[in-house]
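Worksheet for the structure shown next.
In the working numbering, the protein residues as written are 418 to 604.
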């Protein structure tokens, strides 16, 4: 009777754990020490299928040779013994982040790993747009600032030798570029 009750509790606990894991929005996969899949939540299956057109079954070994970049990345991160994260381009312009906390172990016995999988394509695209914006803004700001600095430098260095019209011309350059900078910032 105790064995039946223990078995019943274990089954219920397994169901609860699976339900909890399936509520996690990131893809979660659990691999045995030999690299075989023992659990994957719905998010992992969705992400994996979206980029491989392959429904990975329980028992699938991620350590078997594969030409699939996604499978190779999982195999590589699985073999790490420490906290690791890696970004992989699984298709042109499609980026996945894989993260693990190292191998699962109890009393010196290693028994597998848990790997988190996220589609970070939008994050990478945003980061690239941000870098492009900063580069463009930097260039757009540098040009008028350079003209202003050069004009002010010439005014300072050569003020005794410059005619009034030359001084006025240099001040016009400063004024025009200051106005341009103001408009750039306002836009």
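Using N, Cα and C, we set each Cβ at its ideal position, and we do this for glycine too. Computed from a predicted structure; not experimentally measured.
Using beta-carbon positions only, say whether residue i and residue j come within less than 8 Å of one another.
{"i": "residue 595", "j": "residue 565", "result": "yes"}
{"i": "residue 536", "j": "residue 464", "result": "yes"}
{"i": "residue 502", "j": "residue 520", "result": "no"}
{"i": "residue 458", "j": "residue 441", "result": "yes"}
{"i": "residue 452", "j": "residue 478", "result": "yes"}
{"i": "residue 473", "j": "residue 486", "result": "no"}
From residue i to residue j, what distance separates their C-alpha atoms?
{"i": "residue 428", "j": "residue 505", "result": "36 Å"}
{"i": "residue 462", "j": "residue 559", "result": "49 Å"}
{"i": "residue 434", "j": "residue 550", "result": "45 Å"}
{"i": "residue 533", "j": "residue 471", "result": "18 Å"}
{"i": "residue 445", "j": "residue 438", "result": "7 Å"}
{"i": "residue 469", "j": "residue 475", "result": "16 Å"}
{"i": "residue 568", "j": "residue 601", "result": "20 Å"}
{"i": "residue 546", "j": "residue 518", "result": "31 Å"}
{"i": "residue 571", "j": "residue 557", "result": "22 Å"}
{"i": "residue 426", "j": "residue 528", "result": "23 Å"}
{"i": "residue 420", "j": "residue 500", "result": "38 Å"}
{"i": "residue 495", "j": "residue 422", "result": "36 Å"}
{"i": "residue 418", "j": "residue 432", "result": "21 Å"}
Can a CB atom of chain C be found closer than 8 Å to the CB of residue i?
{"i": "residue 550", "result": "No chain C is present in this structure, which holds just one protein chain."}
Tell me, please, which residues DSSP counts as bridged to residue i.
{"i": "residue 556", "result": "None; residue 556 has no bridge partner."}
{"i": "residue 506", "result": "512"}
{"i": "residue 478", "result": "453"}
{"i": "residue 536", "result": "513"}
{"i": "residue 531", "result": "447"}
Can you give me the Cβ contacts of residue i inside the same chain, cut-off strictly under 6 Å, excluding the 5 residues immediately before and after it?
{"i": "residue 598", "result": "561"}
{"i": "residue 455", "result": "447, 449"}
{"i": "residue 538", "result": "511, 512"}
{"i": "residue 480", "result": "452, 492"}
If I measure Cβ to Cβ from residue i and keep anything under 8 Å in the same chain, skipping five residues before and after, which residues do I get?
{"i": "residue 621", "result": "The first residue shown for the chain is 418 and the last is 604, placing residue 621 beyond what the model contains."}
{"i": "residue 584", "result": "572, 576"}
{"i": "residue 498", "result": "519, 520"}
What beta strand (DSSP E) runs, 3 residues minimum, are completely inside the stretch 428-462? The DSSP assignment places 444-448, 454-457 as complete runs of the beta strand (DSSP E) inside the stretch 428-462, in order along the chain (cut-off: 3 residues).
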